[in-house]
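K.L.:
Pasting a structure here, questions to come.
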Amino acid sequence: MKTTYFTIFFFVLNGLLQAQIGVEKESVDGSALMDFPTGTAKGIILPQVQNNTLMTDVTAGTLVFDGATAKTKYFDGTNWIELFGESGLAESLLSGAEKNVTKGVIIGAADSAAKGVLVFESEDKALILPKVIDPVNTVKSPTAGMMCYDPVAKLVCFYNGASWSFWGNIN
């Protein structure tokens, strides 16, 4: 638990001081709020919600891993959109303490109206996903809700607990 608080404190402090965060790298590529090195075997784990239809006051652009359906979903401002039709396996990631958190970590701004565990708020910077080359073979123990970017295949990759799905322009 202390590690979690230290990590959150580090992100907040680093975000306030630099406005750009490099995770496991010294510099950030381009206009990014957060960037990861190429060739990692790690990804971002989306928040796992037990039922996205019970979420209120949701901001457009929200991504979640819906534990009830074991699917990655995106909120477009009006509706929840399934990114892939295939269901996976939803392993429970929640211990119970997370349910009482009212405000998440905000990076890129002093405050945000958006509700989320980790909110990136900027008018001119974005999140660069962890760059994992061939995640199917590189990531040995993926977790349901993991997402990353394959810079060779040029695809956003999502793991649903059973299989990988890919999003992007496949040539």
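Per full-length UniProt numbering, the sequence shown runs over residues 1 to 171. We treat Cβ as the ideally placed atom computed from N, Cα and C, and that holds for glycine. Note that this is a predicted model, so its numbers are computed, not measured.
Using a Cβ-Cβ cut-off of 8 angstroms, state whether LEU155 counts as contacting chain C.
P.N.:
Among the chains of the structure shown, chain C does not appear; only one protein chain is present.
K.L.:
Note the first and the last residue of the continuous beta strand (DSSP E) segment covering VAL139.
P.N.:
One-based indexing of the sequence shown puts residue 139 at position 139. That residue, VAL139, is in no beta strand (DSSP E); it is neither H nor E in DSSP.
K.L.:
Can you grab the Cα-Cα spacing for the pair residue 172 / ALA144, in whole Å?
P.N.:
Coverage of the chain is limited to positions 1 through 171, which leaves residue 172 absent and any answer about it impossible.
K.L.:
On a Cα-Cα basis, can you pick out the residue from GLY30, MET34 and SER27 that is closest to PRO130?
P.N.:
For the purposes of this step, residue 130 is taken as residue 130 along the sequence shown, with counting starting at 1. Residue MET34 is the option with its Cα nearest to PRO130.
K.L.:
Can you tell me which of GLU86, TYR149 and SER163 puts its alpha carbon nearest to the alpha carbon of ILE44?
P.N.:
Numbered from 1 along the sequence shown, position 44 holds the residue referred to as residue 44. Among GLU86, TYR149 and SER163, the Cα nearest to that of ILE44 belongs to TYR149.
K.L.:
Under 8 angstroms between the Cβ atoms of TRP167 and LEU83?
P.N.:
As a position in the sequence shown, residue 167 is number 167, starting the count at 1. As a position in the sequence shown, residue 83 is number 83, starting the count at 1. Yes.
K.L.:
For GLY88 versus ALA68, is the C-beta distance shorter than 8 angstroms?
P.N.:
Along the sequence shown, read from residue 1 onward, the residue named residue 88 stands at position 88. Along the sequence shown, read from residue 1 onward, the residue named residue 68 stands at position 68. The answer is no: Cβ separation not under 8 angstroms.
K.L.:
DSSP three-state label for LEU129, please.
P.N.:
Here residue 129 refers to the residue found at position 129 when the sequence shown is read from its first residue. If DSSP states are grouped into helix, strand and coil, LEU129 belongs with coil.
K.L.:
Would you grab the beta carbon distance between residue 184 and THR62 for me? Rounded to a whole angstrom, and I think it's under 8 angstroms.
P.N.:
This structure cannot settle anything about residue 184, because the visible part of the chain is limited to 1 through 171.
K.L.:
Taking buried to mean at least 16 other C-beta atoms within 10 Å of its own C-beta, is GLY48 buried or exposed?
P.N.:
Along the sequence shown, one-based indexing puts residue 48 at 48. One detail in the question is off: residue 48 reads as Gln in this sequence, not Gly. When all chains shown are included, GLN48 counts as buried.
K.L.:
Report back the beta-carbon spacing between ALA41 and ILE128 to the nearest angstrom; my notes put them in contact at under 8 angstroms.
P.N.:
One-based indexing of the sequence shown puts residue 41 at position 41. One-based indexing of the sequence shown puts residue 128 at position 128. The pair is not a contact, with the Cβ atoms about 17 angstroms apart (cut-off 8 angstroms).
K.L.:
Taking the beta carbon of ALA90 as the centre, do at least 16 other beta carbons fall within 10 Å, making it buried, or is it exposed?
P.N.:
Here the question's residue 90 lines up with position 90 in the sequence shown. Buried, since its Cβ has 16 or more Cβ neighbours within 10 Å.
K.L.:
So, ALA60 versus PHE75, is the Cβ gap smaller than 8 angstroms?
P.N.:
What you label residue 60 is simply residue 60 of the sequence shown in a count that begins at 1. What you label residue 75 is simply residue 75 of the sequence shown in a count that begins at 1. Result yes, Cβ atoms of ALA60 and PHE75 sit closer than 8 angstroms.
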